[in-house]
Amino acid sequence: MSNNKPNQNELQARCDDLQGQVIRFLKVEQDLIHTRNQLDHDLARFKAIQSYSQRIIQAESMEEFAEITVESVIETFEVECSAFFSLDKAENCLKVKGMFGFEANHLNCQLDSAWIDSKGLSQEGSVIIENVSPGPDSMGSLGLSQVIISSYHDDNKNLEGILLGGVSESKRGYYDEISEELIPSFMVFTQQMSSLLQNFEAKKYLNEKVKRRTAEVVKQKKVIEEKNDVLEDQKEELRSMLENLKLTQSQLVQSEKMASLGQLVAGIAHEINNPVTFISAGVDSLGTNLEEVRQVLDIYHKITPDNTKEKLKEIEKLKEQIDYKQAIREINKLIESIKTGTERTTQIVSGLRTFSRLDEDVLKFADIHEGLESTLILLRNKYKNRIEISKNFGAIPPLECFPGQLNQVFMNILSNAIDAIEGEGEITISTSKSNGFIRISIKDNGKGIPENIKAKIFDPFFTTKEVGEGTGLGLSISHGIIEKHKGSIKVLSERGKGSEFIISIPVRKKINDE
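Just so we're on the same page, my numbering is the position in the sequence shown counted from 1, plus 1.
(1) Let's test the definition: count the other Cβ atoms within 10 Å of the Cβ of Glu-81 and tell me whether it reaches 16, buried, or not, exposed.
(2) Which of helix, strand or coil does DSSP assign to His-1?
(3) With burial defined as no fewer than 16 other Cβ atoms inside 10 Å of the residue's Cβ, what is the status of Val-168: buried or exposed?
(4) Does the pairing of the region 156-168 with the region 86-99 give three or more beta-carbon distances under 8 angstroms?
(5) With a CB to CB cut of under 8 angstroms and the five nearest residues on each side skipped, what residues in its chain are close to Arg-1?
(6) Relative to the alpha-carbon of Leu-122, which residue among Pro-398, His-154, Gln-192 and Asp-420 has its alpha-carbon at the smallest distance?
(7) Compare the Cα-Cα distances from Arg-240 to each of Asp-18, Glu-227 and Thr-215 and report the closest residue.
(8) Touching or not, the region 193-206 and the region 58-77, by the rule of three or more beta carbon pairs under 8 angstroms?
(9) Which residue from Ser-87, Ile-443 and Leu-476 puts its Cα closest to that of Ile-458?
(10) Tell me which residue opens and which closes the beta strand (DSSP E) that Ala-367 is part of.
(11) In whole angstroms, what separates the C-alpha of Glu-170 from that of Ile-179?
(12) What residues in its chain sit with their C-beta under 6 angstroms from that of Lys-392, if we drop five residues either side in the sequence?
(13) Let's see if you can read the secondary structure: which residues bound the beta strand (DSSP E) around Glu-61?
(14) Alpha carbon to alpha carbon, how far is Asn-408 from Phe-438? Give it in angstroms, no decimals.
(15) Distance check for Gln-22 and Thr-1, CA to CA, integer angstroms please.
(16) Which same chain residues end up closer than 8 angstroms to Lys-434 when comparing Cβ atoms and leaving out the 5 residues on each side of it in sequence?
(17) Starting from Asn-393, trace the alpha helix (DSSP H) in both directions and tell me its first and last residue.
(18) Taking the C-alpha atoms as reference points, what is the distance between Ser-152 and Ile-506?
(19) Please report the residue range of the alpha helix (DSSP H) in which Asn-200 lies.
(20) Note the first and the last residue of the continuous alpha helix (DSSP H) segment covering Ala-418.
(21) Going by alpha carbons, who is nearest to Ser-88 out of Gly-102, Asp-113 and Glu-104?
(22) Measuring straight from C-alpha to C-alpha, what distance separates Ala-14 and Ile-24?
(23) Could you pull the DSSP bridge partners for Asp-445 from this structure?
(24) From the DSSP output, in three-state form, read off Tyr-153 for me.
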């Protein structure tokens with residue numbers, strides 16, 4: 002019996018091994034708690050960006066637009082002050098459009114081209130975090146201690162302005178340090194603001210154009226009344242002008258709708274919350290199992306040469322009570338499960354990043370499969386648990402295209418396919434390359450399209466949905482996007498059996514950006 006008694010070295014080795022396991026488990030637990038907290042912060046910021054998008058649409062002047070923007074930066078990123086600068090092309094410097102949290106005399110602050118170049122802000126997508134020293138330079142003169150700055154650009158990648166949030170030296174102790182964790186969401190906020198600013202200016206231009214056109218119509222009508230011999234020609238011209246105006250207005254509505262990342266954020270908020278909840282539950286269970294392991298370790302720490310046999314029996318008894326091996330297995334399973342939840346959240350954020358290129362109008366090579374996958378991720382909440390997605394992806398090369406616009410086409414067609422399926426069903430997505438064309442097929446087994454309206458589905462404003470559920474512009478704009486790519490889009494449908502949309506786009510064929 003005495004020969005089987007563990008010696009002091011063996012006991013110490015066991016104790017060290019168990020202690021190492023607990024330390025590793027505790028580190029994993031700390032990492033998971035940090036990840037959960039970070040995801041909570043990201044979700045809160047995305048919801049704040051959504052709220053900003055909804056508020057800013059109501060702005061009626063540039064002053065109101067700037068005021069809402071800087072206030073939202075402070076609320077979203079929990080900084081003391083914010084400023085919104087735009088480029089004065091005549092003087093080649095940045096001037097204040099809106100400020101919050103600064104002194105009144107700072108409204109005349111200007112940032113010259115030398116300062117812009119020194120910060121590298123001419124580069125599209127630039128975001129910097131900087132600690133500022135007191136002094137006469139641009140940021141120091143504003144009394145700032147730390148700032149985060151992001152630039153925004155026009156469709157030709159020319160600098161349009163910057164957005165900044167900061168903390169002053171006098172109040173730095175009251176605010177958290179501005180960290181690199183803010184960079185992705187601050188960039189999304191700036192891109193969202195840039196898109197909304199373009200839409201705001203386009204809407205302003207359109208309103209002025211409407212006034213001018215209205216004045217022209219009144220004048221033309223008077224001429225028509227005075228000159229009966231040209232009455233029919235003038236009436237036709239008037240109808241043409243009104244039709245062009247209607248088309249311009251419809252394109253603006255769609256641009257505002259699709260450019261708003263806030264609408265995408267609303268669609269994925271639920272999807273992000275699910276894995277966050279899953280991770281939270283996993284962390285709680287992990288803590289319970291680690292507590293059982295700690296109980297065993299506590300007894301090991303109490304072993305002395307005089308009570309070794311007694312304590313080992315106590316340990317074995319405790320292991321039987323808590324099922325020690327099962328606890329270790331459960332810990333490993335929980336770690337794997339939490340890892341799965343984290344990977345799911347990463348997929349969602351990656352899908353949002355890919356789809357956030359929606360307002361790009363730059364010709365580039367893109368992976369069509371990546372666009373389809375990111376669209377499915379964003380639509381998952383609409384089809385999960387009832388529609389099976391089958392993917393038959395072929396070997397196709399990167400396509401020179403406008404990626405954001407093709408993502409819009411995929412979103413429109415897939416969303417319609419999901420809506421067409423009542424209850425359970427299946428959507429099949431296939432891709433292939435043949436005779437110099439990339440072919441994308443999206444097929445559903447939904448209710449199908451009646452023969453008498455099939456020819457109208459690409460007409461502007463045509464829709465079979467209830468009032469308020471659709472604008473009737475999705476397929477019309479999709480048709481225009483595919484034509485812009487020198488491709489074609491057609492539909493095959495049979496009532497009661499489903500529909501198939503087939504897109505064909507030429508490979509390596511020059512596209513004129515008209």
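Don't be surprised by glycine CBs; every beta carbon is placed ideally from N, CA and C.
Quantities reported herein were computed from a predicted structural model and do not represent experimental measurements.
On the basis of the coordinates in this document:
(1) With a 10 Å radius around the Cβ and a threshold of 16 neighbouring Cβ atoms, Glu-81 comes out buried.
(2) Look at the range of the chain in this structure, 2 to 515, and you will see that residue 1 is not part of it.
(3) Buried, since its Cβ has 16 or more Cβ neighbours within 10 Å.
(4) Counting Cβ pairs under 8 angstroms, three or more are found: they touch.
(5) Summary: the structure shown does not reach residue 1, with the chain confined to residues 2 through 515, and so no result is reported for it.
(6) The candidate whose alpha carbon is nearest that of Leu-122 is His-154.
(7) Taking only the C-alpha atoms, the option nearest Arg-240 is Thr-215.
(8) By the Cβ test, the region 193-206 is in contact with the region 58-77, since at least three Cβ pairs between them sit closer than 8 angstroms.
(9) If we check each option's Cα against that of Ile-458, Leu-476 comes out closest.
(10) Per DSSP, the unbroken beta strand (DSSP E) holding Ala-367 starts and ends at 365-367.
(11) Taking the straight line from one Cα to the other gives about 13 angstroms.
(12) Excluding positions up to five away in sequence, the list reads Ile-430.
(13) In the DSSP annotation of this structure, Glu-61 is not part of any beta strand (DSSP E), being labelled neither H nor E.
(14) If you draw a straight line from the Cα of Phe-438 to the Cα of Asn-408, it is about 18 angstroms long.
(15) Because the chain is modelled from 2 through 515, residue 1 falls outside the range shown and cannot be assessed.
(16) Contacts found: Gly-395, Ala-396, Ile-397, Pro-398, Arg-440 and Val-508.
(17) No alpha helix (DSSP H) contains Asn-393, which is instead part of the beta strand (DSSP E) from 388-394.
(18) Taking the CA atoms as reference points, Ser-152 sits about 34 angstroms from Ile-506.
(19) From DSSP, the alpha helix (DSSP H) with Asn-200 extends over 184-227.
(20) For Ala-418, the enclosing alpha helix (DSSP H) starts and ends at 404-421.
(21) Correcting the residue identity first, residue 88 is Leu in this sequence and not Ser. Checked all of Gly-102, Asp-113 and Glu-104; the closest Cα to Leu-88 is Asp-113.
(22) Cα to Cα, the separation comes out at about 15 angstroms.
(23) In the DSSP assignment, the residues bridged to Asp-445 are Ile-428 and Ser-500.
(24) The answer is strand: DSSP assigns Tyr-153 an E or B state.
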